[in-house]
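This report concerns only the one structure given below.
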Amino acid sequence: MEGDGGAAAGSEPEQEPAPELGPGLVLGPVPGAPLGYLHVLWQREEPAGKIPARRLRRAARLHRRLGPTGKESHALKRLREAANSNDLDTVQQLLEDGTDPCAADDKGRTALHFASCNGNDRIVQLLLDHGADPNQRDGLGNTPLHLAACTNHVPVITTLLRGGARVDALDRAGRTPLHLAKSKLNILQEGLSHSLEAVRLEVKQIIQMLREYLDRLGRHEQKEQLDDLCSRLQMTSTKEQVDEVTDLLASFTSLSLQMQKMEKR
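Residue numbers (the UniProt record's numbering): 1 to 265.
In structure tokens, the structure reads:
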């Protein structure tokens, strides 16, 4: 997937600073703004305690209608570039400065799209904590969950599901975390150049993803089966024992896929 900074932006003439628009709203023009639409920089005062992500997204949508300009446009572009280059510190600083995590480039891609595609779980979580929308679609209709799935980033899928990503919006072809789990488990079962710890970690990540997915679907009985597998995995000490759990998980996944197909008929 290409990065956000592909096209060089032409410089723009300097603008006179615009007046303040009221508490929390400031227009911040800067030469060289990379985007051709307007936006208002929302500088919110830090209240005591953590602001719920849902409230941040709602407030950001309200102010985003006015469009970015100047310094804000530059910050939005920097945020997407930092997410695309796995620059956690810059992402954190820009978010703390009030940069809107839901702002998209001309292809509809947000910082969360880039971080999800790159598999950077820490940046994904940071963006979600600051109000990034896990269901926002790019110009091709892809959500961050689509991109995490097609690039096989299991921990990111788990984080996005926990952050409110819709379980029915994973893939245009109808693929779900169950399909991804089956594919990953098939590779693990081939046993090519995987150490004991590497296999155990991958199996654990797959179990966590499926637990979150099935919990969101309300399939609590199946989730309990995964809890049992997770407990068995924690007690393993040999590759043979891990392989046994892997085989059981593969059987569970295949059965769940069959049930899913039957429900769609």
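A virtual CB, placed ideally from N, CA and C, is assigned to each residue, including glycine.
Per DSSP, the unbroken alpha helix (DSSP H) holding residue 205 starts and ends at 196-217.
Between residue 83 and residue 128, the gap from beta carbon to beta carbon reaches 9 Å or more.
The shortest CA-to-CA distance from residue 125 to any of 106, 160 and 148 is the one to 160. Close CB contacts of residue 156 within its chain, under the 6 Å cut and outside five residues either way in sequence, are with 116, 119, 121, 124 and 148 (chain order). Counting along the chain, residue 150 sits inside the alpha helix (DSSP H) bounded by residues 144-150. A distance below 6 Å between beta-carbons, with the five flanking residues on each side excluded, links residue 104 to the following residues of its chain, in chain order: 110. In the displayed model, residue 236 falls within coil according to three-state DSSP, outside both helix and strand.
The continuous stretches of alpha helix (DSSP H) do not include residue 168, and DSSP gives it neither H nor E. In the structure shown, the three-state DSSP call for residue 116 is helix. In this structure, the beta-carbon distance from residue 210 to residue 188 does not fall below 9 Å. A direct Cα-Cα distance of roughly 13 Å separates residue 144 from residue 162. With contacts defined as CB atoms closer than 9 Å, residue 184 and residue 206 qualify as a contacting pair.
Between residue 242 and residue 216, the CB-CB gap reaches or exceeds 9 Å. For residue 125, the three-state secondary structure derived from DSSP is helix. Residue 190 and residue 248 have their C-alpha atoms some 15 Å from each other.
In this structure, the beta-carbon distance from residue 257 to residue 178 falls below 9 Å.
Closest option to residue 204, judged by alpha-carbon separation, among 221, 220, 235 and 175: 235. In the structure shown, residue 78 adopts helical secondary structure according to DSSP, grouped into three states. Note that the C-beta distance between residue 108 and residue 140 is below 9 Å. Residue 80 and residue 244 have their C-alpha atoms roughly 42 Å apart. The Cβ atoms of residue 182 and residue 250 sit closer than 9 Å to each other.
If you ignore the 5 residues before and after residue 233, its C-beta comes within less than 8 Å of the C-beta of 200, 203, 204, 207, 242 and 245, all in its own chain and listed in chain order. Residue nearest to residue 71 within the set 100, 237, 222 and 255 is 100 (criterion: CA-CA distance).
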